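These notes are about the structure you will find just below.
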Ligand code: NAD
């Protein structure tokens, strides 16, 4: 792979000609194509003709590589790139920079002088055509094809050599290293470039989708969507970017409130990974004609399995026993647990996950009771769960309580101090729903005084969880909100997002905003 850099404004911040007051601004004009490079050079030499050569060369010292350039070039060389420099500037700084950076070749102009005074430049002038000829000569000499050539430049004078390359990185001065860093610097770069060019053609005219969070954006790209992906975006950056997008696919902690939904007049779709809609102002979205979707079913089985895992971990103290044994101890008699079989398990919220938990619990020979004010008695019968008519009734009968309700204004602190007091002495609690469903201070107190025997928590009032009272207790099992974190759930979620975006593109083509909220109760 061959990579050819323009020097001034690209590898270096300074523009040589801007150091002379009489030629300031000519670089910008030549770069923008406002004057031809030849005219700019003629104008410049008229201005400096007769200047002492030493004074002229002295200005070349200002042209130095940006401080990150040597490291970036080293990385490129390590990755197998052949480095070359093509400059419309002068050999007295091009040679110095080329040598310092270990470039394989460089081309630049040569100034002419007479009696120690500058008279002009040698022919042929290194203009746009000469730069292209240089690149083509290198391709021939080193045996690189056009597809194996990258050109990085910042002005009109670089356009010709860019045409000789498989990939051009063009920008107006300065951020070369950011640009280089953003490009995947690897041996198959041109393959990447080819794909990205094909992709660009495929996506032109399609709605723009902003993807935020740990989401397989490559899969979305491969499906032909016009996406810009970010691993994480702070709120201010999200607000700043949104106006350029038609859809937001979001997996992050930011509440998608009115301010965010109003940030883009183009926004027509918000797709949020996961089950709950407590992180979106759905009413405001509806008012604005923004369709809100999530992936309510994709993680049901994963969360149910984690729930059972946490239940057994809690009853048999598996995490504590592991930590102790891994630490070199052998406390066989200390880790006496209790069996799940024969106990009464209370399921609060007998929806998708609650039922999936019930199905699994049957294998353990437990009695299952459930409370869900929105279900009919037949719904309980269908899943073999004994219906309780009040939460208090369920709490009073259960050895283990597992929570599977959505977070709503009614379920916020559903398990408060008063309700915890109605639980059986020595009962266990599992929460894989939402942290705010439980009053964590009341819970910590109940665990500390032995009212409750233990708690297993995947979700917390504030996430990420900060160190607090719960950490001091030996009877708590923590996981960092990983209910949906399985390969299978992620794949289902991604497929669902692909389906939603496909639908969205089709509806976008008819330019009608979609106002339907596709969600049931989630
Ligand atoms: P769901 O909508 O299918 O079921 C929720 C059930 O709760 C419904 O049947 C509803 O009638 C019932 N409910 C509502 N208010 C209630 C109340 N006050 N008392 C008792 N029952 C009530 O939802 P689901 O897919 O089963 O998800 C359940 C919970 O799991 C949600 O809070 C969701 O946020 C959480 N979740 C967590 C993870 C994780 O990573 N830990 C992943 C997915 C879902």
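In the working numbering, the protein residues as written are 336 to 857.
Note that the Cβ used here is the ideal one computed from N, Cα and C, for glycine as well.
Since this is a predicted model, take the numbers as computed values, not measurements.
Assign residue i to one of three DSSP states: helix, strand, or coil.
i           : result
residue 846 : Bear in mind that a pLDDT of 49 at residue 846, under 50, signals an unreliable position, so the model cannot answer this.
residue 644 : helix
residue 672 : coil
residue 417 : strand
residue 722 : strand
residue 555 : helix
residue 395 : helix
residue 770 : helix
residue 838 : helix
residue 740 : coil
residue 853 : For residue 853, the pLDDT reaches just 32, beneath the cut-off of 50, and the residue's location in the model is therefore unreliable, leaving the point undetermined.
residue 797 : coil
residue 523 : No answer about residue 523 holds up, because its pLDDT of 36 lies below 50 and its placement is not dependable.
residue 633 : coil
residue 826 : helix
residue 354 : helix
residue 479 : coil
residue 424 : strand
residue 806 : helix
residue 408 : helix
residue 666 : coil
Could you give the first and the last residue of the continuous alpha helix (DSSP H) run that contains residue i?
i           : result
residue 687 : 687–696
residue 595 : 593–596
residue 653 : 653–661
residue 716 : 712–717
residue 439 : Careful: residue 439 lies outside any alpha helix (DSSP H) and carries neither H nor E.
residue 622 : 617–622
residue 756 : 752–756
residue 495 : 494–497
Name, in chain order, the residues that DSSP records as bridge partners for residue i.
i           : result
residue 784 : Note: residue 784 sits in no beta bridge, so no partner.
residue 502 : 485
residue 456 : 446
residue 565 : 547
residue 763 : 735, 789
residue 343 : 347
residue 400 : 347
residue 387 : 452
What are the boundary residues of the beta strand (DSSP E) that residue i is part of?
i           : result
residue 702 : 702–706
residue 484 : 484–488
residue 543 : 543–547
residue 626 : 626–629
residue 606 : 604–607
residue 573 : Note, residue 573: premise wrong, no beta strand (DSSP E); alpha helix (DSSP H) at 570–576.
residue 682 : 679–683
residue 338 : 337–340
residue 813 : 811–813
residue 582 : 582–585
Pop quiz: residue i and residue j are said to be a contact at Cβ under 8 Å. What is the actual Cβ separation, rounded to whole angstroms?
i           : j           : result
residue 573 : residue 562 : No, residue 573 and residue 562 are not in contact; Cβ-Cβ is about 15 Å, not under 8 Å.
residue 425 : residue 444 : 5 Å
residue 763 : residue 793 : No, residue 763 and residue 793 are not in contact; Cβ-Cβ is about 14 Å, not under 8 Å.
residue 542 : residue 597 : Residue 542 to residue 597, Cβ: 19 Å. No contact.
residue 765 : residue 750 : Incorrect: roughly 11 Å between the Cβ atoms, too far for contact.
residue 372 : residue 423 : 6 Å
residue 818 : residue 767 : 5 Å
residue 732 : residue 771 : Their Cβ separation, rounded to whole angstroms, is 25 Å, which puts residue 732 and residue 771 out of contact at 8 Å.
residue 592 : residue 769 : Not quite, the Cβ-Cβ distance comes to about 18 Å (not below 8 Å), so this is no contact.
residue 547 : residue 586 : 7 Å
residue 418 : residue 408 : 6 Å
residue 440 : residue 473 : 6 Å
Answer with yes or no whether the minimum CB distance from residue i to chain B is below 8 Å.
i           : result
residue 632 : Of the protein chains in the structure, only one exists, and it is not chain B.
Would you check whether ligand 3 has a heavy atom nearer than 7 Å to the C-beta of residue i?
i           : result
residue 729 : In the structure shown, ligand 3 is absent; the only ligands present are ligand 1.
*Is the stretch 827–847 in contact with the stretch 798–813, if contact means three or more CB pairs nearer than 8 Å?*
no
*Would you call the stretch 380–395 and the stretch 353–362 in contact, with 3 or more CB pairs under 8 Å?*
yes
*Report yes or no: do three or more beta-carbon pairs, one from the stretch 740–757 and one from the stretch 713–725, lie closer than 8 Å?*
no
*Taking 8 Å as the threshold, find out whether the stretch 699–709 comes into contact with the stretch 674–690 through three or more Cβ pairs.*
yes
*Would you check if the stretch 679–698 and the stretch 630–639 touch, i.e. whether three or more CB-CB distances between them fall below 8 Å?*
yes
*At least 3 beta-carbon pairs within less than 8 Å: the stretch 487–498 vs the stretch 455–465*: yes
*asked:* I'd like to know if the stretch 594–609 and the stretch 619–630 are in contact, where contact means that at least 3 CB-CB pairs between them fall below 8 Å.
replied: yes
*asked:* Measuring CB atoms only, is the stretch 705–715 touching the stretch 649–667, in the sense that at least three cross pairs come out at less than 8 Å?
replied: no
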